[in-house]
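Under the numbering used here, the first residue of the sequence shown carries the number 1, and numbering increases by one thereafter.
Using N, Cα and C, we set each Cβ at its ideal position, and we do this for glycine too.
What follows is a single structure, written as structure tokens, with notes after it.
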Amino acid sequence: MEESNWGLQKEDLALDDVFKLDGAVHEHEFSEHEAIIMGNNFAFPLDIAYEKIFIGGKTGSGKSYAAGVMMEEFSRHGLQFVCFDALDAHSGLQSLQNVECIAPREDETVNLVKLVKNLKSSHNSLVINLVNLRLETQQRLLGDYCETLLAEDMGGKPIMTFLEECQDFVPQMGKPFSFSPIVRLCKLGRGKGLGATLISQRPAAIHKEALSQVSTYMVHNVINTKDLEALKNQLSFGTDKETIKKILSGISYSGPGEMVCFSPKYFKDVGYIKVGKVDRPRRTEHGGKNIEVKSQLAPLSFNSFENTAQPRESTSSLLFTEKPHFEESDFINESEVDNYESEAIDNQLDYYGSIDDDSLQWDPLYGQEVEEHHAEESVKNSTPMKAVAAVGLFSTGIYLITRGLSKNKS
């Protein structure tokens, strides 16, 4: 029997395996026809369409993927949703038969009265791509949508609204135009059949007035201390401290796609908590992918020097220290070889013949203290002349002294 069959593995335990060690096996028992299925462990009754949900996790943890799975499940059941997509992560959903997509620009307006009327009269869902709009325009569009939706009598028809990057629309600090309408939707929407799903990588950045309305938390990997503290405050309902500590630890170490789900409404029989992986296969292309970065440098071989073009041999006579040698293959014919060798020899003779030229002398001083060097040479050259002059003066002195003595004797 292989070692892997006995549990030997290189990677860490999956989050659901950690909880299974305590006997907590929480696989769902719903059928395909009666639930929103997110994976082997996660499934929700259809009435989640008008609940308040939070989906969180750092970048790359799988939160947008999980939101995409949920929207695909809504579409599969014919339930309607509107997604405000600030990341362009969900445009692939328009390939589904009953999902459409619009991408307004700054020079365009959205007739929200017409939009809501169309939701009421049709069975289609809508993805609104916000990437072409400034943040202020996004906030105003979302605020007007919430107010228009709340003002319309949908006749009990459930509509779920997904808000990507919701910390920009209901922030903990400040109150943009979208703040109050979203809070109102979270507080008043359930009685009208209007749900809301808040999606963010920063739970601590979302205002508590909106987050406190959430009944189901789907949390992927989170490591920021403030975010964990915000989740701790929200998950404290009916749960002992040791379980909360274990949940937060699991959230910190969970891998991509792994999720801790807290739902007092749907998970009463298992202590409000389930863990596992969102492993429902996607039916549409997920747009939340990393950008591929490629070098623009030309590829080099392992030995780059050998493949680099080497400079050709110079024909300057100043660089020849011996008679240059050339191969016949370097030229077109023999006459050119003879002419070039003859020219090279002449250049070499000219070089050695003019070696006394100061411009070609090697300068050991490298251009420094030139004047002192020439002065020193002048002193050396004048020494013999000084010696001759000294001998002449000495002889003259002897002559004068001798002449004077002769005159005294006479």
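Span of the beta strand (DSSP E) around residue i
| i | result |
| --- | --- |
| residue 85 | 80-85 |
| residue 127 | 125-129 |
| residue 70 | Per DSSP, residue 70 belongs to no beta strand (DSSP E); it is in the alpha helix (DSSP H), 63-77. |
| residue 294 | From DSSP, residue 294 is part of no beta strand (DSSP E); its letter is neither H nor E. |
| residue 192 | Residue 192 -> no beta strand (DSSP E), and no H or E assigned at all. |
| residue 43 | 43-45 |
Supposed close pair residue i, residue j - CB separation, criterion 8 Å
| i | j | result |
| --- | --- | --- |
| residue 218 | residue 53 | 7 Å |
| residue 69 | residue 280 | 5 Å |
| residue 88 | residue 129 | 6 Å |
| residue 220 | residue 61 | 4 Å |
| residue 266 | residue 44 | 6 Å |
| residue 257 | residue 226 | Not a contact, Cβ separation roughly 24 Å. |
| residue 215 | residue 51 | 5 Å |
| residue 159 | residue 194 | 5 Å |
| residue 94 | residue 101 | 4 Å |
| residue 32 | residue 41 | Not confirmed; about 16 Å, so no contact. |
Sheet register partners of residue i (DSSP bridge)
| i | result |
| --- | --- |
| residue 197 | 53 and 162 |
| residue 255 | Per DSSP, none; premise fails for residue 255. |
| residue 218 | 55 and 261 |
| residue 276 | 259 |
| residue 101 | 127 |
Of the listed residues the options, nearest to residue i (C-alpha basis)
| i | options | result |
| --- | --- | --- |
| residue 222 | 193, 186, 260 and 196 | 260 |
| residue 196 | 183, 113, 298 and 280 | 183 |
| residue 58 | 130, 199, 113 and 101 | 199 |
| residue 282 | 50, 67 and 51 | 67 |
| residue 190 | 64, 120 and 213 | 213 |
| residue 206 | 146, 55 and 72 | 55 |
| residue 140 | 209, 285, 112 and 395 | 112 |
| residue 168 | 194, 106, 85 and 42 | 85 |
| residue 486 | 10, 145, 232 and 203 | With the chain covering only 1 through 410, there is no way to say anything about residue 486. |
| residue 269 | 6, 9, 10 and 29 | 29 |
| residue 149 | 274, 46, 192 and 27 | 192 |
| residue 151 | 120, 137 and 166 | 120 |
| residue 202 | 164, 188, 187 and 181 | 164 |
| residue 251 | 208, 275 and 233 | 275 |
| residue 108 | 134, 98 and 122 | 134 |
| residue 131 | 210, 105 and 292 | 105 |
| residue 90 | 98, 64, 110 and 73 | 64 |
| residue 187 | 32, 208, 46 and 232 | 208 |
Where the alpha helix (DSSP H) containing residue i begins and where it ends
| i | result |
| --- | --- |
| residue 181 | 179-188 |
| residue 35 | Looking at the DSSP string, residue 35 is not in any alpha helix (DSSP H); the run it does join, the beta strand (DSSP E), is 35-37. |
| residue 151 | 135-151 |
| residue 117 | 112-121 |
| residue 108 | Residue 108 -> no alpha helix (DSSP H), and no H or E assigned at all. |
| residue 441 | The structure shown does not extend to residue 441, since the chain is modelled only from 1 to 410, so the question has no answer here. |
Check: residue i C-beta below 7 Å from any heavy atom of the ligand MN
| i | result |
| --- | --- |
| residue 213 | Because no ligand of any kind appears in the structure shown, any question about the ligand MN cannot be addressed here. |
Worksheet item: How do the segment 36-44 and the segment 69-80 stand: do at least 3 beta-carbon pairs fall below 8 Å, yes or no?
Response: Contact holds: three or more Cβ-Cβ distances are below 8 Å.
Discussion item. Quick test of the definition: if touching needs 3 or more C-beta pairs under 8 Å, does the segment 106-118 touch the segment 173-180?
Written reply: Contact annotation: the segment 106-118 does not touch the segment 173-180, with fewer than three C-beta pairs closer than 8 Å.
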